[in-house]
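Asker: Take this structure, written in structure tokens, and hold onto it; I'll ask about it next.
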Amino acid sequence: MIAFADDTPLAAILAEVFRFGAGESCGKCTPCQRGTPQLAAMFEAAMAGGRIEPGRCADLLDALGAASLCGHGRGLAEFARAVQTHFPEEWKACFS
Ligand code: SF4
Numbered sequence: 173m174i175a176f177a178d179d180t181p182l183a184a185i186l187a188e189v190f191r192f193g194a195g196e197s198c199g200k201c202t203p204c205q206r207g208t209p210q211l212a213a214m215f216e217a218a219m220a221g222g223r224i225e226p227g228r229c230a231d232l233l234d235a236l237g238a239a240s241l242c243g244h245g246r247g248l249a250e251f252a253r254a255v256q257t258h259f260p261e262e263w264k265a266c267f268s
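The numbering of the sequence shown is our numbering, which starts it at 173 and goes up by one.
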């Protein structure tokens, strides 16, 4: 369970979840070992006003969802996709 304030930016939540995911990765498969730190860095950059390249983010999430060897990586991809589905405006704001 993660608690956060009502006004916490979505990019901060995504960055925190992917930082956690990167820290907990066992390192056995590349999409999780290499992809989760890159996704965390992307959302951290978005928090700092940087721009995320949407195609690169989508590619990393696709690889994480399709090629992770366990539910850790797949679950992280599903989390991001759920955010994208249920909070489309906030998701788009991460890329502008
Ligand atoms: S998806 Fe699972 S098996 Fe692959 S690196 Fe992450 S924790 Fe390890």
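Just so you know, even glycine gets a beta-carbon here, dropped at the ideal spot from N, CA and C.
In three-state terms, what does DSSP make of R206?
Answerer: Three-state DSSP puts R206 in a helix.
Asker: Can you tell which of S240, I224 and D234 has its C-alpha closest to the C-alpha of W263?
Answerer: For W263, the nearest C-alpha among the options comes from I224.
Asker: Could you check if K200 belongs to the surroundings of the ligand SF4, using beta carbon to heavy atom distance under 8 Å?
Answerer: Within the cutoff, so yes.
Asker: Determine the closest residue to I185 out of T208, M219 and C204, with distance taken between C-alpha atoms.
Answerer: For the residues T208, M219 and C204, the minimum Cα distance to I185 belongs to M219.
Asker: Can you give me the C-alpha to C-alpha distance between L248 and G237, rounded to a whole angstrom?
Answerer: When rounded, the distance between both Cα atoms is 8 Å.
Asker: So L233 packs on A252, CB below 8 Å; how close in whole Å?
Answerer: Contact flag correct, Cβ pair sits at about 5 Å.
Asker: Per DSSP, what kind of secondary structure is E225 in: helix, strand or coil?
Answerer: E225 falls in the coil class under three-state DSSP.
Asker: Any heavy atom of the ligand SF4 closer than 8 Å to the beta-carbon of P203?
Answerer: For the ligand SF4, at least one heavy atom lies less than 8 Å from the Cβ of P203.
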